[in-house]
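Residue numbers (the numbering used here): 75 to 468.
Glycine included, every Cβ here is placed at the ideal spot set by N, Cα and C.
Structure first, commentary second.
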Ligand SMILES: Cc1ncc(COP(=O)(O)O)c(C=O)c1O
């Protein structure tokens, strides 16, 4: 082993064991034991008290009238789009996870891509407005990686054009918009509760809305569209949240604030160290907002940093540090969704897709681990020129 060299140049890896992207923080067995006993004892494994308790606790936490538990964020979005009666096309960002698009297509809608703001990674209200056609019925925005969307800007556009405004809040648990949890703005916001999130039910989602009619229909829609009399009001899904998941969510909710605070503190460390390196950028968070940091995504300008995003990813893999290229390819370049793309330029989407790299982030990441990742990146940057020569980094 050569001392003080990045692992890709023959040095010792920064970590002996793999540093994964995600390590979910879950309740202990003893915390869960009583509830699990209740579920098994009563035989109520679905549609029971824990789902109702979880919905009540979340509605209170989000400051919203209805938090309806569903089986995933994707199924929640499918139901919302269908029940709101959307037709024609829907404006959405292409720089997002595939489920933002798949839920719309499953609801029979056409995708109308608009560009994001390069600094925040979120849907740009001006670009969204420019994309509107006479057939547009809604805007779907995302709190990308947990960074609250420009809600006021999007509300103004939606209001002016008489459109529904829906937020894919998959990454939103723990995020605050102007001091308050995201969730109550727009017509509906849909959260994901899968294990990569801050609030976890295993698999699951929440539809958050102040619209009584929508909430009632989502409750019906998660049960086939059946209101109990077996005369389907509309074609629904089975999108119920099982009791074990809801119980997990109730305990996870107690840790949410701590998780968000810890992630923000850890990201501040990343910003302190990596912010001094040439060519490294971070998502801009608007004044008064709080990012959930469900994901820490950095951008890399290769001219200044000395390596491309892809080269850095290879060098970090040698250090046993996992990374993800979110989102490459962006939605408009994916096989299933390319046919919807009308060819309008999406320069920020394309740039972010080529230059963004997500680093590991956990709700309980130690300072030592965070600093280890930062130091590895620092060392890689110092040796950028030699790494460029290495076969296999291109
Ligand atoms: C932006 C975004 N939307 C939707 C989803 C889908 O969430 P779920 O897996 O709960 O359906 C994800 C998944 O992580 C996501 O990242």
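- In this structure, the CA atom of residue 399 is about 21 Å from the CA atom of residue 443.
- One thing to note: residue 131 has its Cβ no nearer than 8 Å to the Cβ of residue 322.
- Excluding residues up to 5 positions away in sequence, 215, 260 and 263 lie with their Cβ nearer than 6 Å to the Cβ of residue 241 in the same chain.
- Sorting 231, 189 and 351 by C-alpha distance to the C-alpha of residue 415 places 189 at the top.
- Per DSSP, the unbroken beta strand (DSSP E) holding residue 167 starts and ends at 163–167.
- Within 7 Å of the C-beta of residue 135 there is not a single heavy atom belonging to ligand 1.
- In the DSSP assignment, residue 407 falls outside any beta strand (DSSP E), carrying neither H nor E.
- Here residue 142 is near residue 292, since their CB atoms are less than 8 Å apart.
- Per DSSP, the continuous beta strand (DSSP E) segment holding residue 265 begins and ends at 262–266.
- Residue 295 sits in a helix when the DSSP states are folded into three classes.
- For residue 144 and residue 427, the gap between their C-alpha atoms comes out near 30 Å.
- When C-beta atoms of the segment 171–183 are compared with those of the segment 148–163, three or more pairs fall below 8 Å, so the two segments count as touching.
- When DSSP states are grouped into helix, strand and coil, residue 187 belongs to the strand group.
- Distance from the C-beta of residue 110 to the nearest heavy atom of ligand 1 is not below 7 Å.
- Distances from the alpha-carbon of residue 171 to those of 201, 418 and 411 put 411 closest.
- Here DSSP, grouped into helix, strand and coil, assigns residue 325 to helix.
- Annotation for residue 175: no beta strand (DSSP E) segment contains it, though the alpha helix (DSSP H) segment containing it runs 172–180.
- Within the same chain, Cβ atoms closer than 7 Å to the Cβ of residue 408 are found at 172, the five residues on either side in sequence being excluded.
- Proximity of the beta carbon of residue 182 to ligand 1 is not indicated: no heavy atom of the ligand is located closer than 7 Å.
- Looking at 270, 353, 213 and 310, the one whose alpha-carbon comes closest to that of residue 220 is 270.
- Under the three-state reduction of DSSP output, residue 283 falls in the strand class.
- Two segments are said to touch when three or more pairs of C-beta atoms, one from each, lie closer than 8 Å; by this definition the segment 368–386 touches the segment 341–355.
- In terms of Cβ geometry, residue 103 and residue 320 do not form a close pair [threshold 8 Å].
- Here residue 449 carries a helix assignment [DSSP, helix/strand/coil].
- The beta carbons of residue 195 and residue 224 sit no closer together than 8 Å.
- For residue 356, the uninterrupted beta strand (DSSP E) run begins and ends at 354–356, by DSSP.
- The beta-carbon separation of residue 299 and residue 309, rounded to 6 Å, stays under the 8 Å limit for a contact.
- In this structure, 397 is the residue among 397, 209 and 465 with its C-alpha nearest to the C-alpha of residue 92.
- Counting other Cβ atoms within 10 Å of its Cβ, residue 364 reaches 16 or more and is therefore classed as buried.
- If you look at residue 212, you'll find it in the beta strand (DSSP E) that goes 210–216.
- Around the beta carbon of residue 450, a 10 Å sphere encloses 16 or more other beta carbons of the protein chains shown; the residue is thus reported as buried.
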